[in-house]
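J.: One line per chain: the protein sequences are A and B, in this order. Here numbering that gives the first Met the number 0 is used: the first residue of the first sequence is 0, the next is one more, and so on. Here numbering that gives the first Met the number 0 is used: the first residue of the second sequence is 0, the next is one more, and so on. All residues carry an ideal CB built from backbone N, CA and C; glycine is no exception. Only a predicted model underlies this, so the values are computations on that prediction, with no experimental measurement involved.
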Amino acid sequence: MSKVSVVRIVEQSQAITGQFSQVLDDMDWQAMSRSHQMKTEQDVIRALAKDKLGVEDFAALISSAAEPYLLEMVAKSEGITQQRFGNTISLFAPLYLSNACANECTYCGFSMSNAIRRLTLNEQQVDAEVAAIKAKGFDHILLVTGETNKVAMPYFERMLPRIKPHFSQLSMEVQPLEMADYERLQQLGLDAVLVYQETYRRKTYLEHHLRGNKGNFNYRLDALDRIGQAQIHKIGLGVLLGLEDWRTDSIAMAHHLRHLQKRYWRSRFSVAFPRIRPCEGGIEPKSVISDRQLVQLIAAWRLFDADLEMSLSTRESPTFRQHAVKMGFTTMSAESKTQPGGYAEEAQPALEQFQISDERSVSDIAAMIHAQGKEVVWKDWDPALTSRF
Amino acid sequence: MTPLIIADQEFGSRLFVGTGKYASAEAMTESILASGAELVTLSLRRLDLQHQTDNILKPLQRMGVKLLPNTSGARNAQEAIFASELAREALQTNWVKLEIHPDPRYLMPDGNETLVAAEALIKKGFVVMPYVHADPVLCKRLEEVGCQCVMPLGSPIGSNMGLASRPFLDIILEQANVPVIVDAGIGAPSDASLALEMGADAVLVNTAMAVAKQPKQMSKAFRLAVEAGRLAYESGLGEKRFDAAHATSPLTEFIGALS
Ligand code: SF4
Numbered sequence: 000m001s002k003v004s005v006v007r008i009v010e011q012s013q014a015i016t017g018q019f020s021q022v023l024d025d026m027d028w029q030a031m032s033r034s035h036q037m038k039t040e041q042d043v044i045r046a047l048a049k050d051k052l053g054v055e056d057f058a059a060l061i062s063s064a065a066e067p068y069l070l071e072m073v074a075k076s077e078g079i080t081q082q083r084f085g086n087t088i089s090l091f092a093p094l095y096l097s098n099a100c101a102n103e104c105t106y107c108g109f110s111m112s113n114a115i116r117r118l119t120l121n122e123q124q125v126d127a128e129v130a131a132i133k134a135k136g137f138d139h140i141l142l143v144t145g146e147t148n149k150v151a152m153p154y155f156e157r158m159l160p161r162i163k164p165h166f167s168q169l170s171m172e173v174q175p176l177e178m179a180d181y182e183r184l185q186q187l188g189l190d191a192v193l194v195y196q197e198t199y200r201r202k203t204y205l206e207h208h209l210r211g212n213k214g215n216f217n218y219r220l221d222a223l224d225r226i227g228q229a230q231i232h233k234i235g236l237g238v239l240l241g242l243e244d245w246r247t248d249s250i251a252m253a254h255h256l257r258h259l260q261k262r263y264w265r266s267r268f269s270v271a272f273p274r275i276r277p278c279e280g281g282i283e284p285k286s287v288i289s290d291r292q293l294v295q296l297i298a299a300w301r302l303f304d305a306d307l308e309m310s311l312s313t314r315e316s317p318t319f320r321q322h323a324v325k326m327g328f329t330t331m332s333a334e335s336k337t338q339p340g341g342y343a344e345e346a347q348p349a350l351e352q353f354q355i356s357d358e359r360s361v362s363d364i365a366a367m368i369h370a371q372g373k374e375v376v377w378k379d380w381d382p383a384l385t386s387r388f
Numbered sequence: 000m001t002p003l004i005i006a007d008q009e010f011g012s013r014l015f016v017g018t019g020k021y022a023s024a025e026a027m028t029e030s031i032l033a034s035g036a037e038l039v040t041l042s043l044r045r046l047d048l049q050h051q052t053d054n055i056l057k058p059l060q061r062m063g064v065k066l067l068p069n070t071s072g073a074r075n076a077q078e079a080i081f082a083s084e085l086a087r088e089a090l091q092t093n094w095v096k097l098e099i100h101p102d103p104r105y106l107m108p109d110g111n112e113t114l115v116a117a118e119a120l121i122k123k124g125f126v127v128m129p130y131v132h133a134d135p136v137l138c139k140r141l142e143e144v145g146c147q148c149v150m151p152l153g154s155p156i157g158s159n160m161g162l163a164s165r166p167f168l169d170i171i172l173e174q175a176n177v178p179v180i181v182d183a184g185i186g187a188p189s190d191a192s193l194a195l196e197m198g199a200d201a202v203l204v205n206t207a208m209a210v211a212k213q214p215k216q217m218s219k220a221f222r223l224a225v226e227a228g229r230l231a232y233e234s235g236l237g238e239k240r241f242d243a244a245h246a247t248s249p250l251t252e253f254i255g256a257l258s
């Protein structure tokens, strides 16, 4: 008999090395744009008939050729979502730890040159926020910060042990970090990391990120590979709809998702669909996506990937969010405050990152979800499952 | 048809064949020639390495096909590693098809032992082609320890049941970063064709060719089927008809009102 041995991965095999920036370098933006512009109704019908869709099928579904098929797309995506996720919607709350930021992004109110009051929560303020969010019933929390070296690993290492014991799921949306940092944060209870690329077109990206570390396109892009290598349980992707042609950007993100899924198969994935919102010193969107087109994009993502988590923020209107429950979303934020200290104290609106559209309370939103025949899921994870042995 | 690359070696044919169960060495040779296969697997335990007159090995060496020794008969990782080293020495190849089945009746592959052996063999410089269940997680783990391809089964070995594991093969194919070769259970050219249409990179066939009434003709049928399947896959298959679904009515009204 052979003795029992444990297989550990010593090094990544050749088949799974390679960061997405190398892949993207080999892709031509114009060709990706053509890939949706050239799609015909036949391509759409073929994609709708498939059970497993490739990126080209996704391109067909978000193309203008698919517009006449919107109702069919939505119906199919409604069915798939129900089959895979049941009649449930998870709710989470964002907790803004800081609005300090050492970047200049053309679309964001936290940009360093904006004369707003900067605040980074200290221990007591964090405790107060946690208590206020807990009181609303949340069990899943998303920590958000601006991007500055001052609110970085030493700060996170202080705050996570305070926050984690109160929530069963902890996500973060912060500046890109090193792989070892993600591993360290996971030890402290981190379950999910969201890094939105904003746009996959390098040229446009540089036009909108004028100063600061965020200007390093590849470092941000490859953060998702680092998160995957750190075996973080859930990885979130997104483009900021409006910076570039939303269709081509979404196709690039579909390639990115597939790249990650093939490598980091232990992780779950989620996508979000932020549209540019008005903010202090903000820009006018270049590529406006209409409500109808947003619905098309959402349904296309669901058809592209039946198991993908899809998350909707309070940037969208109450009516839109009401129907989103049926359109394929699995996760929503509710009653969000986008300024640090927003839950516990009456903070001044000047601190906000962007204006939210859905101002309803958590209980109103839960009632709305129930009225749609769905159940609210507050707890969707147990920390015991991620404890490391 | 694009060539298949495994560990820097290029193959024009996506049909791999075995050498067991033929009535004679001549029938085997004819059949392999008709199949167009460029990679032929042979069981180390069947080879008579002491005598240069081995009637399986000699003709294969003359044909110039790539020989892939397999460890069939090994019941655990240690035996498989030992067999692989013997084969490397005897056949001067560091390629091995890793087969470990503790169960002599159904010859079910042992995933645990296969993973242990694969990691050890890769460290010793082998190109490992593991024969496994159509288990998506195991296939990912084998890829991670450095296997250059995976060989999930279509159905029990020798059963001619075709792609009974199809739903799992679909997941393996979707996730793989290395070539996927469907091995075992392929009973008819149509099974082989379907595997290639689904996106499998190659198939391995033995019994269905060796025990046919006319092995040579059956081998040709498999060659054509594999080519057809691959060409169809590369051309982009039309899918089944799309049946329109209906959204729930509040959603239909909401969408109708959107601009
Ligand atoms: S988008 Fe992020 S990095 Fe850019 S200014 Fe806003 S908070 Fe800072």
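With DSSP run on the structure shown, which of helix, strand or coil describes Thr16 of chain A?
T.: Residue numbering aside, residue 16 of chain A sits at position 17 when the first sequence is read from its first letter. Looking at Thr16 of chain A - three-state DSSP - the assignment turns out to be coil, as it is neither helix nor strand.
J.: According to DSSP, what are the bridge partners of Arg267 of chain A?
T.: By one-based count along the first sequence, residue 267 of chain A stands at place 268. Answer by DSSP bridge pairing, in chain order: A:Lys233.
J.: Might you give, ordered along the chain, the residues of its own chain that have their beta carbon closer than 8 Å to the beta carbon of Thr198 of chain A, omitting 5 neighbours on each side?
T.: Locating residue 198 of chain A in the first sequence gives position 199, counting from the first residue. Result list for Thr198 of chain A: Tyr204, His207, Val238, Leu239, Leu242, Glu243 and Asp248, in chain order.
J.: Residues of chain A with CB closer than 9 Å to the CB of Lys219 of chain B, please, in chain order.
T.: As a working mapping, residue 219 of chain B is identified with position 220 in the second sequence. None at all; the shortest Cβ gap to chain A is about 32 Å.
J.: Using 8 Å as the threshold, is the region 360-369 of chain A in touch with the region 76-92 of chain A, meaning 3 or more CB pairs across them?
T.: These segments touch.
J.: Assuming Tyr181 of chain A contacts Ile231 of chain A under a Cβ cut-off of 8 Å, what Cβ separation, rounded to an integer in Å, is found between them?
T.: As a first step, residue 181 of chain A must be located in the first sequence, where it is residue number 182. As a first step, residue 231 of chain A must be located in the first sequence, where it is residue number 232. Contact holds; Cβ gap of about 6 Å.
J.: Per DSSP, what are the beta-bridge partners of Thr119 of chain A in this structure?
T.: Your numbering for residue 119 of chain A matches position 120 in the first sequence. Paired residues: A:Ser97.
J.: Report buried or exposed for Leu230 of chain B, applying the criterion of at least 16 other Cβ atoms within 10 angstroms of its Cβ.
T.: Start at 1 with the first residue of the second sequence, and residue 230 of chain B comes out as number 231. By the neighbour-count rule (16 or more Cβ atoms within 10 Å), Leu230 of chain B is not buried but exposed.
J.: Classify Cys148 of chain B as helix, strand or coil using the three-state DSSP reduction.
T.: Translated into the one-based positions of the second sequence, residue 148 of chain B becomes position 149. Cys148 of chain B: coil per DSSP, three-state reduction.
J.: Cβ-heavy atom distance between Cys146 of chain B and ligand 1 below 7 Å?
T.: Locating residue 146 of chain B in the second sequence gives position 147, where the first residue counts as 1. It does not: the Cβ of Cys146 of chain B is nowhere closer than 7 Å to a heavy atom of ligand 1.
J.: What does Trp28 of chain A pair with, by DSSP beta-bridge criteria?
T.: Along the first sequence, one-based indexing puts residue 28 of chain A at 29. Partner(s): none; Trp28 of chain A has no beta bridge.
J.: May I have the straight-line CA-CA distance separating Phe10 of chain B from Glu37 of chain B, to the nearest angstrom?
T.: Within the second sequence, the letter at position 11 stands for residue 10 of chain B. Within the second sequence, the letter at position 38 stands for residue 37 of chain B. Roughly 7 Å separates the two Cα atoms.
J.: Can you check whether the C-beta of Gly85 of chain A is within less than 8 Å of a C-beta belonging to chain B?
T.: The sequence position of residue 85 of chain A within the first sequence is 86, counting from 1. No, because no Cβ of chain B sits closer than 8 Å to the Cβ of Gly85 of chain A.
J.: Determine which residues of the region 243-255 of chain B have a Cβ less than 9 Å from any Cβ of chain A, and write them out in chain order.
T.: From the region 243-255 of chain B, only Ala243, Ala244, His245, Ala246, Thr247, Pro249, Leu250, Thr251, Phe253, Ile254 and Gly255 have a Cβ closer than 9 Å to chain A.
J.: Does any CB atom of chain B fall closer than 8 Å to the CB of Lys202 of chain A?
T.: As a first step, residue 202 of chain A is located in the first sequence; it is residue number 203 there, counting from the start. Cβ-Cβ to chain B under 8 Å: no for Lys202 of chain A.
J.: Let's test the definition: count the other Cβ atoms within 10 Å of the Cβ of Met37 of chain A and tell me whether it reaches 16, buried, or not, exposed.
T.: Locating residue 37 of chain A in the first sequence gives position 38, where the first residue counts as 1. Its Cβ having fewer than 16 others within 10 Å, Met37 of chain A is exposed.
J.: Which runs of the alpha helix (DSSP H), 4 residues or longer, sit entirely within the region 122-183 of chain A?
T.: Listed in chain order, the complete alpha helix (DSSP H) runs (minimum 4 residues) inside the region 122-183 of chain A are 122-134 and 152-162.
J.: Should Arg165 of chain B be flagged as near chain A, meaning a C-beta pair shorter than 8 Å?
T.: Taking the second sequence and counting its residues from 1, the one referred to as residue 165 of chain B is at position 166. No, because no Cβ of chain A sits closer than 8 Å to the Cβ of Arg165 of chain B.
J.: Under the three-state reduction of DSSP, which class applies to Lys51 of chain A: helix, strand or coil?
T.: Your numbering for residue 51 of chain A matches position 52 in the first sequence. Reduced to three states, the DSSP call for Lys51 of chain A is coil.
J.: Within the present structure, is the beta-carbon of Ser110 of chain A separated from the nearest heavy atom of ligand 1 by less than 7 Å?
T.: Within the first sequence, residue 110 of chain A is the residue found at index 111, counting from 1. Under cutoff, so the answer is yes.
J.: Taking three-plus beta-carbon pairs below 8 Å as touching, is the region 93-113 of chain B in contact with the region 67-83 of chain B?
T.: In short, these stretches touch, since the Cβ pair count reaches three.
J.: When you measure from the CB of Lys135 of chain A to every non-hydrogen atom of ligand 1, does any distance come out below 7 Å?
T.: In the first sequence, counting from the first residue as 1, residue 135 of chain A sits at position 136. No, Cβ of Lys135 of chain A sits at least 7 Å from all heavy atoms of ligand 1.
J.: Is Lys213 of chain A near ligand 1, judged by its Cβ being under 7 Å from some heavy atom?
T.: What you label residue 213 of chain A is simply residue 214 of the first sequence in a count that begins at 1. Yes, the beta carbon of Lys213 of chain A sits closer than 7 Å to at least one heavy atom of ligand 1.
J.: Just mark His322 of chain A as buried or exposed, buried being the case when its beta carbon has 16 or more other beta carbons within 10 Å.
T.: Walking along the first sequence from the start, residue 322 of chain A turns up at place 323. With 16 or more other Cβ atoms within 10 Å, it is buried.
J.: Residues of the region 233-267 of chain A with a CB closer than 8 Å to any CB of chain B: list them in chain order, please.
T.: Answer set for the region 233-267 of chain A: Gln260, Lys261, Arg262 and Trp264.
J.: Hey, out of B:Ala6, B:Ala33 and B:Leu41, whose CA is closest to Lys20 of chain B's CA?
T.: Within the second sequence, numbered from 1, the residue matching residue 20 of chain B stands at position 21. Residue B:Leu41 is the option with its Cα nearest to Lys20 of chain B.
J.: For the pair the region 53-66 of chain A and the region 295-304 of chain A, tell me if three or more CB-CB distances fall below 8 Å.
T.: Contact holds: three or more Cβ-Cβ distances are below 8 Å.
J.: How would you label Lys122 of chain B, buried or exposed, when you count the other beta carbons within 10 angstroms and need 16 or more for buried?
T.: One-based indexing of the second sequence puts residue 122 of chain B at position 123. Lys122 of chain B comes out exposed.
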